[in-house]
Amino acid sequence: MPSQIQVSDVKALDGTAGISIADSTGRVTVTETNPTITLGSNATGFTGPKVADVWRLNTEFQGVANPITNLTRATNTNDGSIGSAMTVSSGVFTFPMTGIYQISFRSLHKIGEANVNVTYAGTCINKVISGSVTSLVQSYFGRATTGSSAMFYYINYCNIIFDCTNITTDKVSFATNDLSPTSVYTMASTASNTTAMFFTRIGDT
Amino acid sequence: MDMQGKYDHIEDVLVTLHFGQWFGWSDPDNKVYENLIIFDDSKEKPTKEFLEDELEKQQNVFDVKAYTRSRESEYPNLQECIHALLDGGDTLTELQTKRSEIKQKFPKPA
């Protein structure tokens, strides 16, 4: 037989902290200043990031690459991740679930040539929607002509908030796509985030 | 390649042969010749001997040029040189003396 308890407040034994239960608004308020609330894994709604993943360029190269391939997921000791992994095919990343993602692309470059014209290198994050590629953000470094052949190192950094509404059609890729001279290196490592892509799901689409 | 630019792996040689991502490794954590993969069909796979010889050659070139890097770090900068050339006289003489002392300090290998 169904039963029902009607109550507006639930208090601790000492009567201080407690939970107030609202009327038809359905709101529940925890009156403790800094409450600890634990949600089970099946909880829906906002439950924190459900995906966090890092991928790294594993082989150094000179020149342009669009999209960048030769990628390895960061799975070494203490490399953190949350949820299902991103998957990649020929440099195009597929999301494990729909959602709003913060995507960052950090790339380390070097150049050691003297007496060339102004040096620059551009990188970008592309959206790949049903196979159609569009750049969403670009980052550049540059330097004036120098007589020194000593190796110079530069970092490019791109960042976007991406809404993946369909994991079959909404994808992303990364590129080193605008260089002068074309001998600029993009550096690689599987042990550190030398050139790396960061994916964090920050909410529902 | 170390941070100074000295080659320390056959990948440093491979990167200079062609632009773009024409090669990779079947096991990126174990970059030995046997794991080298060529993605671009228009490029030939270099032999192990060629890569090792070229690596050694480039390391030797880097070592031989140590004196130029040492000199470069101590030479007067471009602005000082321009001032000395415009001023002439003792300023220019002092600059040339300084350059000569640096050259003697870091001699070119025979």
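Those protein sequence lines, which keep their order, are chains A and B. The numbering of the first sequence is my numbering, which starts it at 237 and goes up by one. The numbering of the second sequence is my numbering, which starts it at 22 and goes up by one. Even for Gly, the Cβ is constructed at its ideal location relative to N, Cα and C. For clarity, every value in this text was computed on a predicted model and none was experimentally measured.
Using the rule of at least 16 other Cβ atoms within 10 Å of the residue's Cβ for burial, across every protein chain shown, is B:F60 buried or exposed?
Of the residues assessed, B:F60 falls on the exposed side of the cut-off, its CB having fewer than 16 other CB atoms within 10 angstroms.
Span separating the alpha-carbon of B:I58 from that of A:I397
Here the alpha carbon of B:I58 sits roughly 35 Å from the alpha carbon of A:I397.
Candidates B:T68, B:D84, B:T118, B:Y96, of which the one nearest B:Q25 by Cα:
Comparing Cα-Cα distances from B:Q25 to each of B:T68, B:D84, B:T118, B:Y96, the minimum goes to B:D84.
Please check if any C-beta of chain A sits within less than 7 Å of the C-beta of B:V82.
For B:V82, the answer is no, since every Cβ of chain A falls outside 7 Å of its Cβ.
Listing by chain order, which chain B residues have their CB less than 7 Å from the CB of A:F297?
Those are V36, G41, Q42, listed as they occur along chain B.
Starting from the N-terminal side, write out each stretch of the alpha helix (DSSP H) that is 4 residues or longer and does not extend beyond the segment 54-123 of chain B.
Entirely contained in the segment 54-123 of chain B, the alpha helix (DSSP H) runs reaching 4 residues are, in chain order, 69-85, 87-95, 99-108.
Interface flag, B:P49 vs chain A, CB-CB below 7 Å
Chain A, which has a Cβ nearer than 7 Å to the Cβ of B:P49, makes this yes.
What whole-angstrom Cβ distance do B:L99 and B:L106 have, given they're in contact under 8 Å?
Not really, about 11 Å apart at Cβ, beyond 8 Å.
Kindly indicate the opening and closing residues of the beta strand (DSSP E) around A:T436.
Its beta strand (DSSP E) spans residues 432-439.
Rounded to the nearest angstrom, what separates A:G439 and A:K286 at their Cα positions?
So the alpha carbons of these two residues sit roughly 8 Å apart.
A:V287 in three-state terms, based on DSSP:
Collapsing the DSSP output to three states places A:V287 in coil.
I'd like the span of the alpha helix (DSSP H) that includes A:L249, first residue to last.
Bounds of any alpha helix (DSSP H) do not take in A:L249, whose DSSP letter is neither H nor E.
Figure out for me which residue from A:C394, A:K363, A:V369 has the closest Cα to the Cα of A:R342.
Distances from the CA of A:R342 to each of A:C394, A:K363, A:V369 were compared; the closest alpha carbon is that of A:C394.
Our contact map puts A:G358 next to A:N413 with C-beta atoms below 8 Å; I'd like the distance itself, whole angstroms only.
The beta-carbon distance between A:G358 and A:N413, rounded to whole angstroms, is 6 Å. This is short enough to meet the 8 Å contact definition.
Enclosing alpha helix (DSSP H) for B:D33 [first to last residue]:
Per DSSP, B:D33 belongs to the alpha helix (DSSP H) from 31-38.
Which chain B residues sit within Cβ distance under 7 Å of A:T274?
Within 7 Å Cβ-Cβ: nothing; A:T274 doesn't reach chain B, min ~38 Å.
Using beta-carbon positions only, say whether A:G378 and A:Y356 come within less than 7 Å of one another.
Inclusion of A:G378 and A:Y356 in the CB contact set at 7 Å is warranted, their separation being smaller than that value.
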